[in-house]
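Down below is the structure, laid out as structure tokens.
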Amino acid sequence: MKLETQPRDDHQVKLIAEFESEALEKYMHQAARKIAKETKIPGFRPGKAPYDVVVRMFGTDNIQKEAIGMMVDDVYPDVLKEADVKPGAPGDLEEIISMDPPKFSFVVPLEPTVDLGDYKSIQMEYTPEPVDQKEVDEFIDHLRKSYATATPVERPVQEGDLVFFNIHAKLTQPAEGEKEEVLKDMPGQAEVKAVADQPASEFPFPGFGWELIGASAGETRTIIHKFDDETPYSMLKGKEVAFEVKINEVKKQEYPTLDDAFAQSVGEFESMEKLTDTVREQLDHNAKDHYDEKFFDDLMDKLAETATIHYPPQILDQEIENVLGNLTRDLARQNMDMDTYLKVRKLEKEKFIEEEIKPAAIRRLERSLVMDQVARDEKIELQEDEINREFNSTFADLQQSNDFEEMRKRVKPADFANAIAMEAVSRLMNRRVFSRLKSIVTGQPEEVEVVSDQTPDAEAPAASAEEAAADEAAA
0 MKLETQPRDD
10 HQVKLIAEFE
20 SEALEKYMHQ
30 AARKIAKETK
40 IPGFRPGKAP
50 YDVVVRMFGT
60 DNIQKEAIGM
70 MVDDVYPDVL
80 KEADVKPGAP
90 GDLEEIISMD
100 PPKFSFVVPL
110 EPTVDLGDYK
120 SIQMEYTPEP
130 VDQKEVDEFI
140 DHLRKSYATA
150 TPVERPVQEG
160 DLVFFNIHAK
170 LTQPAEGEKE
180 EVLKDMPGQA
190 EVKAVADQPA
200 SEFPFPGFGW
210 ELIGASAGET
220 RTIIHKFDDE
230 TPYSMLKGKE
240 VAFEVKINEV
250 KKQEYPTLDD
260 AFAQSVGEFE
270 SMEKLTDTVR
280 EQLDHNAKDH
290 YDEKFFDDLM
300 DKLAETATIH
310 YPPQILDQEI
320 ENVLGNLTRD
330 LARQNMDMDT
340 YLKVRKLEKE
350 KFIEEEIKPA
360 AIRRLERSLV
370 MDQVARDEKI
380 ELQEDEINRE
390 FNSTFADLQQ
400 SNDFEEMRKR
410 VKPADFANAI
420 AMEAVSRLMN
430 RRVFSRLKSI
440 VTGQPEEVEV
450 VSDQTPDAEA
460 PAASAEEAAA
470 DEAAA
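Residue numbers (numbering that gives the first Met the number 0): 0 to 474.
Structure below.
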């Protein structure tokens, strides 16, 4: 074999391989036998027709085409070995340069390469802060309000009331050709909150409930509101709308007393003190999760900036398909398909992929490659017992999620356990890598992960943000 290697700029290599003339003749005879076995030839049993007879019946070109396919399948591994090339994805037969002697050119995607650079010089502070008492009090107050009882009253609306109504809305100054009607006799309800407590998400605009104070059941009140540029309703930005609100019923909300009886009614808490402690612990846990998520997001951005990453286009194409597949499944959960989603957003698929999906795929791919390289450079290894524990934990987590049934549908039964095992190894390795990186960039000792031998039950807490961030980076 004569071999010529030509590197390309897109992290692929072109291999030109030339063979002895006799090599193709051998495959011509093999191809003829294959054709003779698969095709009925009068006067001969399957596979027994002489070579010359097969050539006369099917022609040299057809046999040669079959022979080239067989030869390429056989010689391609030898070409890679001779060239000392480790492919990162399946290669392609680019060109049949000549038949005599047989000379082929292959384009082979190379394995991705990552040089992390001086990543150990990265420094970051890790200073999550515990929640303050105000956050704890607000959470408990929200919990208390969720247990409120509502009693109908025969008086005008006051602060704290729950108001049930029907609403009709139209533009006060519609543009030419613009539809005037915005809402038509839509039922709704509003909680009349103090100005300081009005959420930005209140429908149809923040402070709407406050506008109903003083109205009584049976009354219709007109409210004029001009939407600013911060409204989530893009069609109403800068528009003035007249709302006609017919009050159907007014209810007074009564809240339970914050005592031990209340604590016992909302869960297995013996006292308000125990409930408060549990709320504080959960809020601290959530706050740390959010902090970790931002911390590791920033860390991965710094690592990607420091690293030099090369990969062939085929690997990016596959990642783009993965991102599209994930989005398609997410949309299906909302009873929407991709075509509908694109129509709603008024996007063309090609532009959407190029401007939104591709950048997301590049970010995911490069983070995953960086993660893998850190694991290799830091010589992070997993033990069989911890993998087994993680498998049980992963299986239990999946059973509590929507992904479980989806995975069972997508994966063959024989491959199901293997798919969960791979997910478990990925999750565990990601946590280990992030733990090591956190230690490197903060200068703090690496935290030792404590894993229970027990399989988590349905009441187990959700995966941490650190794990979620790791999963996102290597998804």
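Think of the CB as a built atom: it goes at the ideal place given N, C-alpha and C, for glycine as much as any other residue.
Helix, strand or coil for residue i per DSSP?
i, result
"histidine 10", "coil"
"arginine 44", "coil"
"threonine 307", "strand"
"isoleucine 34", "helix"
"leucine 381", "coil"
"threonine 150", "strand"
"aspartate 131", "coil"
"aspartate 91", "strand"
"valine 84", "coil"
"glycine 68", "helix"
"lysine 178", "coil"
"serine 104", "strand"
"lysine 1", "strand"
"glutamine 453", "Caution applies to glutamine 453, whose pLDDT of 39 falls short of 50 and renders its modelled position unreliable; the model cannot decide the point."
"isoleucine 419", "helix"
"threonine 112", "strand"
Below 8 Å between beta carbons: does that hold for residue i and residue j?
i, j, result
"valine 191", "isoleucine 212", "yes"
"threonine 305", "leucine 170", "no"
"glutamate 318", "arginine 366", "no"
"valine 54", "isoleucine 67", "no"
"valine 130", "valine 249", "no"
"glutamate 272", "glutamine 263", "no"
"isoleucine 379", "valine 278", "no"
"isoleucine 439", "lysine 119", "yes"
"alanine 189", "valine 162", "yes"
"valine 135", "leucine 341", "no"
"methionine 70", "proline 100", "no"
"tyrosine 125", "lysine 437", "yes"
"threonine 221", "phenylalanine 242", "yes"
Excluding the 5 residues preceding and the 5 following residue i in the sequence, name in chain order all residues of the same chain whose CB lies nearer than 7 Å to its CB.
i, result
"proline 155", "Gly213, Ala214 and Ser215"
"glycine 159", "Val191 and Gln252"
"alanine 303", "Glu365, Arg366 and Val369"
"glutamine 11", "Val106, Val107, Pro108, Leu109 and Pro311"
"threonine 150", "Lys250, Lys251 and Glu253"
"threonine 275", "Val135 and Ile139"
"valine 113", "Ala306, Ile308, Leu368, Val369 and Gln372"
"arginine 32", "Gly46"
"aspartate 9", "Pro311 and Pro312"
Here's a check: name, in chain order, each residue in its chain whose Cβ is nearer than 6 Å to the Cβ of residue i, leaving out the five neighbours to either side.
i, result
"isoleucine 246", "Phe164, Ala214, Ala216 and Glu218"
"phenylalanine 261", "Pro255"
"aspartate 184", "Asn165 and His167"
"lysine 225", "Glu239"
"isoleucine 15", "Glu3 and Ser104"
"phenylalanine 394", "Ile419"
"lysine 287", "Pro127"
Between residue i and the rest of its own chain, which residues show a CB-CB distance below 8 Å, the 5 nearest in sequence each way excluded?
i, result
"valine 194", "Gly206 and Trp209"
"glutamate 110", "Lys85, Pro86 and Gly87"
"proline 173", "Glu179"
"arginine 143", "Tyr254, Pro255, Leu257 and Phe261"
"phenylalanine 351", "Leu341 and Arg344"
"glutamate 177", "Leu170"
"serine 20", "Asp99, Pro100 and Pro101"
"glutamate 94", "Phe103 and Ser104"
"aspartate 376", "Leu115"
"glutamate 445", "Ser434, Arg435, Lys437 and Ser438"
Going by other Cβ atoms of all chains shown within 10 Å of its Cβ, with 16 needed for buried, is residue i buried or exposed?
i, result
"phenylalanine 415", "exposed"
"leucine 2", "exposed"
"threonine 392", "The sequence shown places serine at residue 392, rather than the threonine named in the question. Buried, by the Cβ-count rule."
"alanine 331", "exposed"
"glycine 90", "buried"
"glutamine 5", "exposed"
"tyrosine 26", "buried"
"phenylalanine 501", "A query on residue 501 cannot be resolved here, the shown segment of the chain reaching from 0 to 474 and no further."
"aspartate 396", "buried"
"tyrosine 75", "buried"
"arginine 431", "buried"
"alanine 419", "The question names alanine, but residue 419 is isoleucine in the sequence shown. Flag for isoleucine 419 reads buried."
"glutamine 372", "buried"
"aspartate 316", "exposed"
"isoleucine 34", "buried"
"glutamate 422", "buried"
"aspartate 227", "exposed"
Inset, instruction - Taking only runs that begin and end inside the segment 197-258, name each unbroken beta strand (DSSP E) of 3 or more residues, in chain order. - result: 219-225 and 239-253
Inset, instruction - Write down every uninterrupted run of the beta strand (DSSP E) in the segment 252-337 whose length is 3 residues or greater and which is fully enclosed by it, in chain order. - result: 307-309
Inset, instruction - Could you tell me which uninterrupted alpha helix (DSSP H) segments, each at least 4 residues in length, are contained entirely in the segment 337-361, listed from first to last along the chain? - result: 337-344 and 348-351
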